[in-house]
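In my numbering, the protein residues as written are 41 to 142.
From the three backbone atoms N, C-alpha and C, an ideal C-beta is built for every residue, glycine too.
Only a predicted model underlies this, so the values are computations on that prediction, with no experimental measurement involved.
Below is one structure, written out as structure tokens; the observations come after it.
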């Protein structure tokens, strides 16, 4: 942190790092700012989780999204994005033609 150049021993964004942030001795204003940021991060994590659940519910019966997720490295977000951006995959005669579209 910039305030007095405080640093943590743990790798950033890990559970240990967040726990270490809670124990840092900081001036009152710096502590308040840190708590505000941590609260916002938690809110965003919850919102992201809710959004992913809603996407899963919305596309639960979409055969194309399900098929896309069978490919290695393609999760829900990627599958839904491809489905939304490409629409009907059968309009492409080959993978090469699809690649040109993208």
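61 is the residue among 65, 61, 95 whose C-alpha sits nearest the C-alpha of residue 79.
Here residue 130 carries a helix assignment [DSSP, helix/strand/coil]. Closest option to residue 117, judged by alpha-carbon separation, among 136, 135, 88: 88.
By the Cβ neighbour-count rule, residue 81 is exposed, with fewer than 16 other Cβ atoms within 10 Å of its own. Secondary structure at residue 82: helix, using DSSP grouped into helix, strand and coil. When C-beta atoms of the segment 118-133 are compared with those of the segment 85-102, three or more pairs fall below 8 Å, so the two segments count as touching.
Between residue 57 and residue 50, the CB-CB gap stays under 8 Å.
With a 10 Å radius around the Cβ and a threshold of 16 neighbouring Cβ atoms, residue 84 comes out exposed.
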